[in-house]
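Be aware that the sequence shown starts at 4, since it is given in the numbering used here, and climbs by one per residue.
All C-beta atoms in this analysis are idealised placements derived from N, C-alpha and C, irrespective of residue type, glycine included.
What you are looking at is a predicted structure, and each value in this text was computed from that prediction instead of being measured.
These notes concern the structure reproduced below.
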Amino acid sequence: MFMKLDDFFFLYNAFTFKELELNLSRDKDSPAQRSTLYNLITYHQNQGHILRIRRGLYYSVPKGMDPAHCPVDPFLVASKMAEDSVIAYGSALDLHGKLHTIQNRIIYLTKKRVMASFDFRDMKYQAVAIPSALKTVNEETFGVQSIDRLGQPVFVTTLERTLVDVLDRPYLCGSWEEIWLSLESIEYLDMDQVLKYALLLANSTTIAKLGFFLETHREALMVPEHYLEELHKHRPTKPHYMDRTQNEPQKMIAKWNLVVPLSLINRSWEEPNADI
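Set out below in structure tokens:
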């Protein structure tokens, strides 16, 4: 259904040129030509009605507000960076309200060729490729949900998928302290979905990390034993490092064939006598 521009700008905080073009093409009385649309965009940008994020991507400015000081929701912007954009990894934890420390980057998945990161107002927008294992089995959208963000739908990985994803690619979330504290704020998980997704990724090291995390948090997350047993079947056949970049002392967790940093096992970030 065609919407007048004022209504369109009111309903869509973030929008693309294609979305505006599609809306105006529905105007049976005077459908906009592409050249006219470019002029229209320029006019409203000069009038301070919209803010240009980058080529083809705009943000609506509330009436009476200076575009230079207009708040921009980074999740809405990231959701429009690609037609198939999915907020993921540390940014998914953030959107779900589980990230321990606020970050100045938004990570999103896309099937398109991954381009260089894009910066806008001290926020970095980083595109990452969908794991090849998911492409192989045609499960790219497994564990993806739509949530409402300021009246617009935003696609984000579920907490179940995000848990596995950040263990699979920890550098897309932060330090192990950040990852552990963020994941520990999750109150409930659908273990069937966690297990299914982990097996789809088919990475034995990631499965070992997941098994180690779930086993050390089994009471808090109420993890039934048979899920751990199933993960155990797919652990590495020989020791794998949880993080090869760590130069600190590490300990072998024999059950999972996983070499884990001692700082993580000992929770070195916790202050002595913190509970006193």
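Thinking just about the alpha-carbon of each residue, which of the options is nearest to the one in residue i?
| i | options | result |
| --- | --- | --- |
| Phe13 | Tyr61, Val197 and Ile150 | Tyr61 |
| Val169 | Ala201, Asp76 and Ala17 | Ala201 |
| Val80 | Tyr111, Ala71, Glu180 and Glu163 | Tyr111 |
| Gly93 | Ile105, Val263, Gly51 and Leu192 | Ile105 |
| Met245 | Val157, Asn260 and Ser188 | Asn260 |
| His243 | Leu267, Thr209, Leu8 and His235 | Thr209 |
| Gly67 | Phe123, Ile53 and Phe78 | Ile53 |
| His220 | Asn49, Asp97, Trp183 and Lys7 | Trp183 |
| His99 | Tyr191, Ala257 and Ser271 | Tyr191 |
| Asp151 | His47, Pro70, Gly51 and Asp76 | Asp76 |
| Trp179 | Cys73, Trp272 and Asn16 | Trp272 |
| Phe2 | Glu251, Ile256 and Lys199 | No information on residue 2 is available, as it lies outside the stretch 4 to 279 that the chain covers here. |
| Arg238 | Glu222, Glu228 and Leu213 | Leu213 |
| Lys250 | Leu43, Gln50 and Ser266 | The sequence given here places Asn at residue 250; Lys does not occur at that position. Per the Cα distances, Ser266. |
| Asp87 | Leu234, Ile44, Glu228 and Ser149 | Ser149 |
| Met225 | Arg247, Lys241 and Glu187 | Glu187 |
| Ala223 | Tyr41, Ile189 and Thr240 | Ile189 |
| Lys241 | Asp9, Tyr41, Ala211 and Glu228 | Ala211 |
| Asp193 | Cys176, Leu162 and Cys73 | Leu162 |
Cβ atoms of residue j and residue i: under 7 Å apart, would you say?
| i | j | result |
| --- | --- | --- |
| Thr160 | Ala205 | no |
| Ala85 | Lys115 | yes |
| Val147 | Ala132 | no |
| Glu24 | His103 | no |
| Asn26 | Leu153 | no |
| Pro65 | Gly51 | no |
| Ile268 | Lys254 | yes |
| Ala130 | Thr113 | yes |
| Asn107 | Asp122 | no |
In terms of residue numbering, what span does the alpha helix (DSSP H) encompassing residue i cover?
| i | result |
| --- | --- |
| Phe216 | Ser207 to Thr219 |
| Ser196 | Residue 196 is actually Gln in this sequence, not Ser. Run containing Gln196: Met194 to Leu204, per the alpha helix (DSSP H) assignment. |
| Ala95 | Tyr92 to Leu98 |
| Lys138 | Ser135 to Thr139 |
| Ser28 | Phe20 to Ser28 |
| Arg164 | Leu162 to Asp171 |
| Asp9 | Leu8 to Leu14 |
| Tyr191 | Neither: Tyr191 is in no alpha helix (DSSP H) and is coded neither H nor E. |
| Leu184 | Trp179 to Leu186 |
| Tyr174 | First-last for Tyr174: undefined, no H or E at that position. |
| Leu112 | No alpha helix (DSSP H) holds Leu112; the beta strand (DSSP E) holding it covers Arg108 to Thr113. |
| Leu234 | Glu228 to His235 |
Under the assumption that residue i contacts residue j (Cβ atoms under 8 Å), give the Cβ distance between them as a whole number of angstroms.
| i | j | result |
| --- | --- | --- |
| Lys101 | Ser28 | Their Cβ separation, rounded to whole angstroms, is 40 Å, which puts Lys101 and Ser28 out of contact at 8 Å. |
| Phe145 | Arg172 | No, Phe145 and Arg172 are not in contact; Cβ-Cβ is about 16 Å, not under 8 Å. |
| Glu218 | Leu203 | Not really, about 21 Å apart at Cβ, beyond 8 Å. |
| Val197 | Val167 | 6 Å |
| Lys83 | Phe11 | Not confirmed; about 14 Å, so no contact. |
| Phe78 | Ile109 | 7 Å |
Would you say residue i reaches chain B, if we count a Cβ-Cβ gap shorter than 7 Å as a contact?
| i | result |
| --- | --- |
| Ile150 | Looking at the structure shown, chain B is missing, and only one protein chain is on hand. |
Where do the N-terminal and C-terminal ends of the beta strand (DSSP E) with residue i fall, by residue?
| i | result |
| --- | --- |
| Ser149 | Val147 to Arg152 |
| Ile268 | Run containing Ile268: none in the beta strand (DSSP E); it sits in the alpha helix (DSSP H), Leu265 to Ile268. |
| Tyr61 | Leu60 to Ser63 |
| Ala130 | Met126 to Ala132 |
| Leu79 | No beta strand (DSSP E) contains Leu79, which is instead part of the alpha helix (DSSP H) from Pro77 to Ser82. |
| Leu116 | Before going further, note that residue 116 is Arg rather than Leu in the sequence given. Counting along the chain, Arg116 falls outside any beta strand (DSSP E), and DSSP gives it neither H nor E. |
| Ile105 | Where Ile105 is concerned, there is no enclosing beta strand (DSSP E), given that its DSSP letter is neither H nor E. |
| Arg57 | Ile53 to Arg57 |
Decide yes or no for the touch test of the region 41-59 against the region 135-153: beta carbon pairs closer than 8 Å, at least 3 of them.
-> no
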